[in-house]
Structures are given as C-alpha cells and as structure tokens.
Amino acid sequence: MKKSIILSTTLALAVGALAGCSSGGSDDGSSSGTDGGGDVTTISYGLWDSNQLPAYQQCADDFAAANPQYVVDIEQIGWDDYWSKITTGFVSGENYDVFTSHVAYYPEFQKNGQVLALDEYIERDGLDMSIYQDGLVELWQSPEGEQYGLPKDFDTISLFYNEQMTEAAGYTAEDVQNLTWNPEDGGTYEEFIAHMTIDTNGVRGDEDGFDKTSVETYGLWMEGSGGADGQTQWTFLTASLGWAQTDEAWGTTYNYDDPAFADTIDWWYSLVEKGYMPTFAAQEGISWADQLIAGKAAMVPNGSWMTGYVFGAASDTFTPAVAATPVGPDGASWSMLNGLADNIVAGTDNPDAAWEWVKYLGSAECQDVVAESAVVFPAVKTSTEKAIAAFEAKGVDVNAFTGHVEDGTTVLYPITDFKSDVNAIMTPVMEAIMSGAAGTDTLVDANASVNALFE
Numbered sequence: 018m019k020k021s022i023i024l025s026t027t028l029a030l031a032v033g034a035l036a037g038c039s040s041g042g043s044d045d046g047s048s049s050g051t052d053g054g055g056d057v058t059t060i061s062y063g064l065w066d067s068n069q070l071p072a073y074q075q076c077a078d079d080f081a082a083a084n085p086q087y088v089v090d091i092e093q094i095g096w097d098d099y100w101s102k103i104t105t106g107f108v109s110g111e112n113y114d115v116f117t118s119h120v121a122y123y124p125e126f127q128k129n130g131q132v133l134a135l136d137e138y139i140e141r142d143g144l145d146m147s148i149y150q151d152g153l154v155e156l157w158q159s160p161e162g163e164q165y166g167l168p169k170d171f172d173t174i175s176l177f178y179n180e181q182m183t184e185a186a187g188y189t190a191e192d193v194q195n196l197t198w199n200p201e202d203g204g205t206y207e208e209f210i211a212h213m214t215i216d217t218n219g220v221r222g223d224e225d226g227f228d229k230t231s232v233e234t235y236g237l238w239m240e241g242s243g244g245a246d247g248q249t250q251w252t253f254l255t256a257s258l259g260w261a262q263t264d265e266a267w268g269t270t271y272n273y274d275d276p277a278f279a280d281t282i283d284w285w286y287s288l289v290e291k292g293y294m295p296t297f298a299a300q301e302g303i304s305w306a307d308q309l310i311a312g313k314a315a316m317v318p319n320g321s322w323m324t325g326y327v328f329g330a331a332s333d334t335f336t337p338a339v340a341a342t343p344v345g346p347d348g349a350s351w352s353m354l355n356g357l358a359d360n361i362v363a364g365t366d367n368p369d370a371a372w373e374w375v376k377y378l379g380s381a382e383c384q385d386v387v388a389e390s391a392v393v394f395p396a397v398k399t400s401t402e403k404a405i406a407a408f409e410a411k412g413v414d415v416n417a418f419t420g421h422v423e424d425g426t427t428v429l430y431p432i433t434d435f436k437s438d439v440n441a442i443m444t445p446v447m448e449a450i451m452s453g454a455a456g457t458d459t460l461v462d463a464n465a466s467v468n469a470l471f472e
C-alpha cells in the first residue's frame with residue numbers, strides 16, 4: 018500500500034548502500050554469521066510503512082524467541098526511496114533477504130528472476146493456502162502458476178469524510194452511505210460533492226453566486242491523476258461500468274481506449290471545471306489527509322490503510338467517518354482489491370532462513386499481532402476478524418471497507434508485464450488530461466502505445 022500509495026510512482030536511482038545478507042553481504046554486520054558464542058543467522062527485512070513497523074517488530078521478536086538460531090533485522094524507509102533501494106540492490110547484488118512487495122513491481126522482479134518461487138517450500142511444509150481471503154493468493158502467482166508470496170494483508174477503497182461538515186449541510190450518515198453515480202450527470206454523488214463545496218463567501222457549489230475561482234472547501238479532493246491504475250481515484254467508478262484496465266490477469270491487452278473509461282475521466286475532470294475539486298496543480302504535493310482534517314476538503318476516496326491515521330486525527334472540528342463508494346449503474350458499490358506479500362530475493366545467501374521468516378509472516382500467529390494494531394486488514398481470514406474487532410474497540414466501523422470483500426464487489430489490481438513502462442506512458446497522459454492540457458481523445462493513442470509493449 019502506498020501508500021498513501023500513488024501507484025504511478027516511477028523507479029528512481031537509490032542513494033547509499035544496501036544493508037542485508039544477499040549475495041555481496043553488507044558492511045554493517047547484518048549479514049549472517051557468528052553472534053557471540055553461537056551461530057545466529059540474521060535475516061534482513063525491508064518495509065516501507067512506518068505505521069506497521071511496531072507490529073512487525075513484535076512479530077520479529079516473537080519469531081526470534083521461538084527460533085533462537087535466527088534474528089530479523091528490519092529496515093523501514095519511505096515509499097519512493099524504498100523502491101529505489103530495492104531495484105538498485107538487484108543491480109548491485111546487495112539487497113535485503115526478504116522485502117515487503119507490491120503487485121505494481123513484482124511482475125518485473127519475477128520475470129527477471131530476481132525473486133524466488135515458493136512452491137517447493139509450500140509443498141514441503143504442507144501450508145494451507147485456503148486460510149487467506151479469496152483472491153489474494155492468485156495476486157502472487159506467475160502466469161505459469163508459481164507462487165511468489167504468501168498474502169500478508171489486503172486493502173480496499175472507501176470514502177473518508179468529515180461528519181461535522183455533512184451534518185451541517187443536512188446529510189445523515191445513511192445519506193452519505195447510499196450515494197449513487199453515473200458518468201452522465203454524476204448522480205447523487207455529484208449533487209453531494211456540489212453541495213459540500215463552499216466558496217470563500219460561504220456560498221455552496223449548488224447555489225447561485227458560487228465563485229469557483231475562490232473555494233474555501235472542496236466537495237471532493239483530487240489525489241493525483243490516478244496514473245495507469247486509478248486505485249483510489251477512479252477504478253471504483255469504472256468498475257461499475259464493467260470496465261477493467263486489462264483483459265485478464267497477466268493480460269496483454271489494456272483498455273484505456275474504451276469509451277466507458279473516457280466517459281468516466283471526462284466526468285471526473287468536469288468537477289475541476291465546475292470548481293468542486295481542486296486543479297491538478299493546486300493539489301500536487303499536498304497531503305489529501307491534511308486537507309480533509311483541516312476542513313479544506315469534505316470528502317476523499319482513499320484506502321483502508323489510512324483508516325488509523327484519519328481516525329486518529331479526530332478533533333473539535335473534525336469528526337472522521339467513512340462510507341462505501343457510490344453505487345454505480347450496475348447497482349453495486351465497487352473497490353479495487355490489492356494485497357501485499359513478502360518476496361525472497363533470489364540472491365540471498367540464506368534462502369531457507371528467509372523462507373522460515375516469510376512463512377511466519379504469512380501465519381495467523383504473526384497476522385494476529387498485526388490485527389491487534391488496527392492499522393491494516395491481515396490476509397488470514399481469522400486474523401481479519403480480529404482486526405475488525407480491534408478497529409471496533411477504537412470506535413471505528415470498517416464495514417465500508419470489508420463489505421466489498423464480503424459482497425464480492427472488488428476488482429483485482431491489474432497485474433501485467435511491463436508495468437513500469439505502462440506507468441511511464443499513462444501517467445503523463447492522465448496528468449495532462451486532469452490538468453486540462455489534453456482531452457480524453459489522447460487515450461486512444463496512449464492505449465496503442467501501451468499495447469505495443471506486448472507485441
């Protein structure tokens with residue numbers, strides 16, 4: 018998860034040397050060797066989410082206590098630097114033994130032989146793969162069906178909003194929970210967005226005299242253009258039209274030239290033109306969560322991984338709430354489903370030790386610890402229930418997120434080869450459209466360029 022993940026992030030060059038015990042070792046003593054009087058293998062592990070670090074440190078401590086021959090050395094660094102470090106490590110030969118992976122990146126790692134398949138280990142140890150939420154195991158399978166990760170968590174998308182603002186505007190929680198959308202006039206979703214938009218004179222977006230050039234509170238915040246994936250921006254809308262980025266998992270045909278996609282993006286950009294959503298330039302580099310908390314935005318669609326942060330910011334002026342995504346023309350509320358897993362670096366000096374750690378990360382024992390932290394939803398079904406209970410104990414109803422999984426109203430994150438190339442083509446095109454510098458007619462040529470990658 019990004020994070021907040023912006024999945025159009027491109028690969029950058031890393032700075033500094035990598036810690037770890039893959040081929041080449043490291044200079045910081047974290048490679049495997051003798052510790053004190055006995056042989057202890059140190060397993061280097063990377064992750065990007067600081068919110069999850071305490072839970073995984075507890076898992077590492079518990080793992081080492083039960084397996085004194087191992088020590089896990091965790092490094093947490095931010096999203097952009099993290100992927101720079103991973104990709105540069107594959108080139109230099111120095112990398113983590115194990116790292117938290119993302120489906121936006123692992124297909125290329127798998128294709129290049131940079132991460133290990135786990136099938137022999139899974140079969141040898143008799144792992145039950147049915148313990149995980151439906152669809153998550155398949156996210157980490159190659160086109161040939163090889164398994165490259167054990168699911169560790171999952172995320173879906175819903176609508177974060179400030180309940181104080183909606184109540185002041187005359188909306189009940191039930192009203193917000195049952196918004197509808199279509200690409201022609203935006204349905205009650207657009208009506209809500211318009212009414213929640215307020216200019217600096219206190220005039221609402223659906224009232225006479227509204228000044229779209231001087232907005233105090235936007236009804237909806239834009240979090241980037243969505244790039245090639247639109248995880249938090251528009252996939253929950255396009256899914257209700259029956260549209261998907263690709264023809265199938267590991268597909269070779271993208272569908273950005275479909276009129277249904279263009280219609281959705283045209284509607285989305287119309288919110289900018291009407292003054293209900295900030296311009297691309299105005300939102301660039303600004304935290305959507307901070308805008309929501311500060312009252313500069315009434316609603317923002319985003320991922321379940323942000324629940325703890327948003328609800329932890331409650332104040333006298335901000336009452337956090339979350340609602341399901343709007344019901345589309347097909348009669349359902351949709352969300353993209355994504356899930357993380359851990360990859361083992363192919364060049365590790367300690368594949369067996371790395372597997373033991375990956376196996377533990379994928380177990381209910383570790384995922385129960387993650388559940389108790391109420392930060393994300395673990396992939397193990399029984400651990401998911403414990404996470405829901407942990408959120409409820411904090412006064413947070415997460416049904417808007419988990420309901421998608423229960424109802425089967427999810428679409429999987431698109432998994433294909435050439436993912437970074439697809440992002441490199443689509444991100445500038447989408448940014449140009451959402452900046453008003455280009456129209457959705459440019460999607461036709463962009464889609465042709467994307468599909469040419471697979472020829």
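If you're matching positions, the sequence shown starts at 18 in the working numbering and goes up one per residue.
Glycine included, each C-beta is placed from N, C-alpha and C at the ideal position.
Quick caveat: nothing in here was measured; it's all calculated off a predicted structure.
Tell me, to the nearest whole angstrom, how far the beta carbon of A185 is from that of Y235; I am working on the premise that it is less than 8 Å. Against the sequence shown, residue 185 aligns to sequence position 168. Against the sequence shown, residue 235 aligns to sequence position 218. About 16 Å; that fails the 8 Å criterion.
Comparing C-alpha positions only, which one of V232, Y99 and V467 sits nearest to G268? Start at 1 with the first residue of the sequence shown, and residue 268 comes out as number 251. Ranking the options by Cα distance to G268, first place goes to V467.
Go to P318, then tell me how far its alpha helix (DSSP H) extends in each direction, as first and last residue. As a first step, residue 318 must be located in the sequence shown, where it is residue number 301. Element bounds for P318: not the alpha helix (DSSP H) but the beta strand (DSSP E), M316 to G320.
Taking the beta carbon of G244 as the centre, do at least 16 other beta carbons fall within 10 Å, making it buried, or is it exposed? Residue 244 sits at position 227 when you count from the first residue of the sequence shown. Result: buried.
So which of A134, G345, F297 and Y271 has the shortest CA-CA distance to E472? In the sequence shown, counting from the first residue as 1, residue 472 sits at position 455. Closest by alpha carbon: Y271.
For the candidate residues D145, V193, G241 and G130, whose alpha-carbon lies nearest to that of Y165? Along the sequence shown, read from residue 1 onward, the residue named residue 165 stands at position 148. Per the Cα distances, G130.
Give a yes or no on whether the C-beta atoms belonging to G63 and T117 are separated by under 9 Å. Taking the first residue of the sequence shown as 1, we reach residue 63 at position 46. Taking the first residue of the sequence shown as 1, we reach residue 117 at position 100. Against a cut-off of 9 Å, the Cβ pair of T117 and G63 comes out as a contact.
Rounded Cβ spacing between A404 and F394 (contact assumed at less than 8 Å): The count along the sequence shown starts at 1 and reaches residue 404 at position 387. The count along the sequence shown starts at 1 and reaches residue 394 at position 377. Yes, A404 and F394 are in contact; Cβ-Cβ is about 5 Å, under 8 Å.
Sheet register partners of I215 (DSSP bridge): For the purposes of this step, residue 215 is taken as residue 198 along the sequence shown, with counting starting at 1. Its beta-bridge partners are R221 and T234.
Y113 and V362 look like a contact to me (Cβ under 8 Å); what is the Cβ gap, rounded to whole Å? By 1-based counting over the sequence shown, the position of residue 113 is 96. By 1-based counting over the sequence shown, the position of residue 362 is 345. At roughly 6 Å, the Cβ-Cβ gap stays under 8 Å, so Y113 and V362 are in contact.
For V387, I'd like the list of residues in its chain whose CB is within less than 6 Å of its CB, leaving aside the five on either flank, ordered along the chain. Reading the sequence shown from its first residue, position 370 is the one you call residue 387. Counting only Cβ-Cβ distances below 6 Å, and skipping sequence neighbours, we find A72 and P395.
If you measure between the beta carbons of Q181 and W238, is that distance less than 9 Å? Position 164 of the sequence shown holds residue 181. Position 221 of the sequence shown holds residue 238. The answer is no: Cβ separation not under 9 Å.
Confirm, please, whether the CB-CB distance from M323 to I210 is below 9 Å. In the sequence shown, counting from the first residue as 1, residue 210 sits at position 193. In the sequence shown, counting from the first residue as 1, residue 323 sits at position 306. Cβ distance not < 9 Å, so I210 and M323 don't count as in contact.
Here's the rule: buried if 16 or more other CB atoms are within 10 angstroms of the residue's CB, otherwise exposed. What is S332? The residue given as residue 332 occupies position 315 in the sequence shown. Looking at its Cβ environment, which holds fewer than 16 other Cβ atoms inside 10 Å, S332 is exposed.
Which two residues bound the contiguous beta strand (DSSP E) that contains Y87? Against the sequence shown, residue 87 aligns to sequence position 70. That run of the beta strand (DSSP E) goes Y87 to Q93.
Taking only the alpha-carbon atoms, compute the straight-line gap between K313 and F408 and give it to the nearest angstrom. Within the sequence shown, residue 313 is the residue found at index 296, counting from 1. Within the sequence shown, residue 408 is the residue found at index 391, counting from 1. Rounded to whole angstroms, K313 to F408 spans 26 Å at the Cα level.
Where K102 and T433 are concerned, what is the direct C-alpha to C-alpha distance, given to the nearest angstrom? To locate residue 102, count along the sequence shown from 1; it is residue 85. To locate residue 433, count along the sequence shown from 1; it is residue 416. One C-alpha to the other measures close to 22 Å.
My guess is that S222 and K291 are in contact by the Cβ rule of under 8 Å, so how many angstroms apart are they, rounded? The residue you call residue 222 lines up with position 205 of the sequence shown. The residue you call residue 291 lines up with position 274 of the sequence shown. Note that residue 222 is Gly in the sequence shown here, rather than Ser. Right, the Cβ-Cβ distance comes to about 7 Å (below 8 Å), so this counts as a contact.
Nearest to Y345 (by Cα), restricted to the options A256, G106 and P337: Residue mapping note: residue 345 aligns to position 328 of the sequence shown, counting from 1. According to the sequence shown, residue 345 is Gly rather than Tyr. Closest by alpha carbon: A256.
Pull up the CB-CB distance for Y123 and N319, whole angstroms please, since I reckon it's below 8 Å. What you label residue 123 is simply residue 106 of the sequence shown in a count that begins at 1. What you label residue 319 is simply residue 302 of the sequence shown in a count that begins at 1. Their Cβ separation, rounded to whole angstroms, is 23 Å, which puts Y123 and N319 out of contact at 8 Å.
Three-state secondary structure (DSSP) at I303? Stepping through the sequence shown from its first residue, residue 303 is reached at position 286. Here I303 sits in coil by DSSP.
When you compare the CB positions of A190 and A341, do they come within less than 9 Å of one another, or not? By one-based count along the sequence shown, residue 190 stands at place 173. By one-based count along the sequence shown, residue 341 stands at place 324. No. Outside cutoff.
Same chain only: Cβ atoms within 7 Å of Y178, ignoring 5 sequence neighbours per side: The residue labelled residue 178 in the question sits at position 161 within the sequence shown. Counting only Cβ-Cβ distances below 7 Å, and skipping sequence neighbours, we find V193, A315, M316, A338 and A340.
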